[in-house]
Amino acid sequence: MKIVIATGGTGGHIYPATALADKLISDDKNNEIVFIGNCDRMEAQEIPKLGYRFIGIKAAKFNSNKHKLQAVNTLYKAYKECCELLKDFKPDIVIGFGGYVTVPVIMAAVKLKIKTVIHEQNSLPGLANRTLSHFVNKVVICYDSAGNYFPKNKVELLGNPRESSAMDFVKNEYIFEQYGLDCSKKTILIVMGSLGSASVSSKMLTILEQLKGKDYNVLYVSGKNNYQYMKDNFKDSNNVKVVDYIDQFNIAGNCSLVISRGGATSACEYMALGIPTIIIPSPFVTNNHQYYNAKAMFDAGAAHLLEEKDLSVENTVSLIDNLMNDQQKLHEMSLAAKKMAHPQAAYDMIDLIKRLVGKK
């Protein structure tokens, strides 16, 4: 098959897309994949590093109030460019993984009568996917609640392709040695995204001080933007360490508890790995969608929901202590997380793609 994947803007859109691409190549080495994304966002660097062909275009937020006419003009030019790109490549199917860059790509595919699928990672869909859902053949979702925003006859609850990576995960009981931590103790991972969070880091200073000397380890990932601030204001102890960056999937899979933002891709990885979580949703994202991701996990018993406004020393330390000293509760949360997961997501999406294009 010849497949175009449109994605961009954030890792939450990019990594599910590349996870699907990896499985498509594993399924059939003759599959040809081309990625289309923003020419000036992270996908322009990250996707070529993985060995995939990438075409960068200039897109714009079509719901932006500022410079709206300019944005519409930019989108129209991108749409015309995508029409030519698709005519040249002649894909069997075009798949959109979110971000405003997917709009011109998907609409060009619709115009050319090419089969289309969009993937929605969040429980509360964004405007781009809600709009595109009326034109595409199928919409793949990860949360039941997301289905309320799309045409019912198009929705497929298959999950996030990143979840399929959990099927190959193997625990490493010595993985924390590299940080100077006692591997015989349970470990908590605290991570607020690859860049970190300045607002959370400032509150975490006192919280981390209170966690020193506990009978469990704490690995705090500051993010590159906040690392110097944390190192200037916090001194590591035997059980509490601050680092700037980690291999999140592999580290999280070896932890007893993760404290994290509510990004959709991270959340789905925790579900697939069966990791109990405390979710601190970012209040700065569009439509507060991280809160709704966290709420879905909380309602299922897979996570605790702790809003940033409630991130006090007393609340947070008490919650952490209660969970880390209650193995039964951690076990129940782990089972609830796995129950929400879709470890076959990538393979189920491939089956859907084959059905749409008429492949057995």
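Residue numbers (numbering that gives the first Met the number 0): 0 to 359. We treat Cβ as the ideally placed atom computed from N, Cα and C, and that holds for glycine.
Taking only three categories from DSSP, how would you classify V3? Here residue 3 is taken as the residue at index 4 of the sequence shown, counted from 1. Of the three classes helix, strand and coil, the one that applies to V3 here is strand, per DSSP.
What's the C-alpha gap between V312 and V220? For this step, residue 312 is matched to residue 313 along the sequence shown. For this step, residue 220 is matched to residue 221 along the sequence shown. Each residue's Cα considered, the two are about 18 angstroms apart.
Alpha-carbon to alpha-carbon, M229 and N136: As a position in the sequence shown, residue 136 is number 137, starting the count at 1. As a position in the sequence shown, residue 229 is number 230, starting the count at 1. The alpha-carbon separation between N136 and M229 amounts to approximately 48 angstroms.
Does the beta-carbon of H12 have 16 or more other beta-carbons within 10 angstroms, so that it is buried, or is it exposed? One-based indexing of the sequence shown puts residue 12 at position 13. The residue is buried, with at least 16 neighbouring Cβ atoms inside 10 Å.
Beta-carbon spacing of A301, A336 below 8 angstroms: Within the sequence shown, residue 301 is the residue found at index 302, counting from 1. Within the sequence shown, residue 336 is the residue found at index 337, counting from 1. A contact, by the Cβ cut-off of 8 angstroms.
Buried or exposed for Y173, going by 16 or more other Cβ atoms inside 10 Å? By one-based count along the sequence shown, residue 173 stands at place 174. Flag for Y173 reads exposed.
Between N30 and the rest of its own chain, which residues show a CB-CB distance below 7 angstroms, the 5 nearest in sequence each way excluded? Along the sequence shown, one-based indexing puts residue 30 at 31. Taken in chain order, the residues that qualify are M0, I2, L23, I24.
When we look at the beta-carbon of V71 and count the other beta-carbons within 10 Å, is it buried (16 or more) or exposed? Counting from one through the sequence shown, the residue named residue 71 turns up at place 72. Exposed: under 16 other Cβ atoms inside 10 Å.
Cα-Cα, which of H118, L334, G179 is closest to A263? As a first step, residue 263 is located in the sequence shown; it is residue number 264 there, counting from the start. Measuring C-alpha to C-alpha distances from A263 to each of H118, L334, G179 identifies H118 as the nearest.
Shortest alpha-carbon distance to Y75 belongs to which of I113, A5, R129, I56? In the sequence shown, the residue the question calls residue 75 occupies position 76. That would be I56, whose Cα lies nearest to the Cα of Y75.
Tell me where the beta strand (DSSP E) around Y219 begins and ends. The residue you call residue 219 lines up with position 220 of the sequence shown. Taken as a continuous stretch (DSSP letters only), the beta strand (DSSP E) holding Y219 covers 216-220.
If you draw a straight line from the alpha carbon of D143 to that of N216, how long is it in whole angstroms? For the purposes of this step, residue 143 is identified with residue 144 of the sequence shown, where counting begins at 1. For the purposes of this step, residue 216 is identified with residue 217 of the sequence shown, where counting begins at 1. In a straight line, the C-alpha of D143 is about 35 angstroms away from that of N216.
Could you tell me whether the stretch 181-193 touches the stretch 248-259, where touching means 3 or more Cβ pairs closer than 8 angstroms? yes
Note the first and the last residue of the continuous beta strand (DSSP E) segment covering T115. On the sequence shown, position 116 is the one that residue 115 refers to. Segment 114-119, the beta strand (DSSP E) holding T115.
Where K213 falls: helix, strand or coil (DSSP): As a working note, residue 213 is residue 214 in the sequence shown. If DSSP states are grouped into helix, strand and coil, K213 belongs with coil.
Assign P47 to one of two classes, buried (16 or more other C-beta atoms within 10 Å of its C-beta) or exposed (fewer than that). For the purposes of this step, residue 47 is identified with residue 48 of the sequence shown, where counting begins at 1. That one is exposed.
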